[in-house]
C-alpha cells in the first residue's frame, strides 16, 4: 500500500510525521506523495482539509485518516498517544471505508468563458467587500427569493458542524446526501424579505445564485479563498464525487458531535 503524510508543520506534528513514515516504511509500505492509497493528516481539521484539496483529483483512489495534535479535531479519529496502535493497524489491517457527500460549486462568468468548478468538504461561503450581497436564489429552476445581506454559507453534512453551525444551521448526519444554505445577517424589512431559516436541499435539487449588482465576490471554499468579478451565476449541488475516510475502528458521527460540542461534566 502507498501512503503520504501531511503535517500541520509544528514541531509535535512533524515529529509524529517522521515516526509514522519510518515505521510504515519498515513495514514495507511505500511512501508516495503523488499517488497514495492512504493520505494521513497530522494536525487538526485544517490539515485534513489541506490533504483533501491536495488529492481532490483522485478521490476514488485516495482515502483519508487524521491524527489530531492540537485541539480536538472533528475529522481526526486518532490521538498522538495511540500512534503505535494506529501504525500497526495501517500496516496489518485492511481499512474500512466511510464515504461522505461533498459540495460542488460552479462559478460561471458573464463573458461566457470557462467556468470554474470546486469541490468542498466543509462549505463554500460567499461574501463581498463592497456593501451587501444581493442574489436571486433559484431552486430546481424556480425563483425562490432575493437575498440581501452579508452573505451565504452552503455546507455539506459533515461541514454542517463548522461555519454552518455558527450561523444557526442544523447539524446533518453525513449519510444524508444533501447541502444546506445558511444566511449571514440577511436584511429583512417591509421592502426586503428572505426565508430567514436554513434550507436543506436533497441531492437531486440544484441551487442557482444570480448576482443582481456589480460586485466582486469573495469565495471561501473550505480553507481556500478566491475573488471573482463579473459573475453570471453560482451553481451549488451535491457532488457526484464523495470523500473516503479510512476507518480502523468505529467512530460514530454523533459521538464526534458529542465529543466536539457537549461536555460530560455535570453540574451538581
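Numbering (the working numbering), first residue to last: 3 to 270. Cβ coordinates follow ideal geometry from the N, Cα and C atoms, glycine included. All values derive from a computational prediction rather than experimental measurement.
Nearest CA to the CA of residue i: which residue from the options?
| i | options | result |
| --- | --- | --- |
| residue 61 | 97, 173, 199 and 102 | 102 |
| residue 26 | 139, 85, 168 and 54 | 85 |
| residue 238 | 248, 261 and 154 | 154 |
| residue 13 | 256, 32, 34 and 45 | 45 |
| residue 110 | 229, 29 and 9 | 229 |
| residue 40 | 137, 245, 185 and 254 | 245 |
| residue 178 | 104, 171 and 116 | 104 |
| residue 127 | 151, 35, 262 and 114 | 151 |
| residue 180 | 168, 169, 200 and 170 | 200 |
| residue 113 | 54, 252, 235 and 34 | 235 |
| residue 213 | 202, 50 and 130 | 130 |
| residue 149 | 203, 168, 202 and 196 | 196 |
| residue 134 | 170, 219 and 233 | 219 |
| residue 91 | 47, 171 and 31 | 31 |
| residue 204 | 215, 157 and 170 | 157 |
| residue 11 | 87, 76, 166 and 72 | 72 |
| residue 59 | 183, 36 and 169 | 36 |
| residue 107 | 28, 29 and 182 | 182 |
| residue 138 | 215, 52 and 93 | 215 |
| residue 29 | 70, 53, 69 and 89 | 89 |
| residue 233 | 166, 243, 117 and 21 | 117 |
Less than 6 Å between C-beta atoms, sequence neighbours within five positions excluded: which residues of the same chain meet that for residue i?
| i | result |
| --- | --- |
| residue 124 | 161, 164 and 224 |
| residue 38 | 4, 5, 6 and 64 |
| residue 132 | 217 |
| residue 9 | 15, 16, 19 and 44 |
| residue 47 | 75, 76 and 77 |
| residue 57 | 41 and 64 |
Give the DSSP-derived three-state secondary structure of residue i in the structure shown.
| i | result |
| --- | --- |
| residue 229 | strand |
| residue 262 | helix |
| residue 71 | coil |
| residue 243 | strand |
| residue 208 | coil |
| residue 8 | strand |
| residue 270 | Low confidence applies here, because residue 270 scores a pLDDT of 41, under 50, leaving its location unreliable and the question unanswered by this model. |
| residue 45 | strand |
| residue 218 | coil |
| residue 66 | strand |
| residue 51 | helix |
| residue 37 | coil |
| residue 19 | helix |
| residue 60 | helix |
| residue 14 | helix |
For residue i, I'd like the list of residues in its chain whose CB is within less than 7 Å of its CB, leaving aside the five on either flank, ordered along the chain.
| i | result |
| --- | --- |
| residue 95 | 250 |
| residue 259 | 163 and 173 |
| residue 248 | 40, 65, 66, 67, 97 and 99 |
| residue 263 | none |
| residue 231 | 218 |
| residue 55 | 224 and 226 |
I'd like the list of long-range same chain contacts for residue i, defined as Cβ closer than 8 Å, with 5 residues on each side in sequence excluded.
| i | result |
| --- | --- |
| residue 198 | 185, 188 and 190 |
| residue 270 | Reliability fails at residue 270, whose pLDDT of 41 lies under 50, so the model's placement of it is uncertain and no value is given. |
| residue 175 | 159, 255 and 256 |
| residue 253 | 79 |
| residue 23 | 7 and 33 |
| residue 268 | Caution is warranted here: a pLDDT of 47 is assigned to residue 268, below 50, making its placement in the model unreliable, and the coordinate value is therefore given only provisionally. Same-chain partners within the cutoff: there are none. |
| residue 170 | 184 and 200 |
| residue 136 | 148, 149, 150, 213, 214, 215 and 217 |
| residue 115 | none |
| residue 52 | 8, 43 and 225 |
At least 3 beta-carbon pairs within less than 8 Å: the region 221-240 vs the region 79-87: The region 221-240, when compared against the region 79-87, does not touch it at the 8 Å Cβ threshold.
Stretch pair the region 136-156 + the region 198-216: three plus CB contacts closer than 8 Å: They touch, by the three-pair rule.
Examine the Cβ distances between the region 188-207 and the region 105-123 and report whether three or more of them are shorter than 8 Å. The region 188-207 is not in contact with the region 105-123.
Go through the region 167-203 residue by residue and report every complete run of the beta strand (DSSP E) that reaches 3 residues or more, in order. Counting whole runs of 3 or more residues, the region 167-203 contains the beta strand (DSSP E) stretches 180-188.
I'd like the ranges of any alpha helix (DSSP H) spanning at least 4 consecutive residues and lying wholly in the region 73-159. Within the region 73-159, the runs of alpha helix (DSSP H) at least 4 residues long that lie entirely inside it are, in chain order, 85-94.
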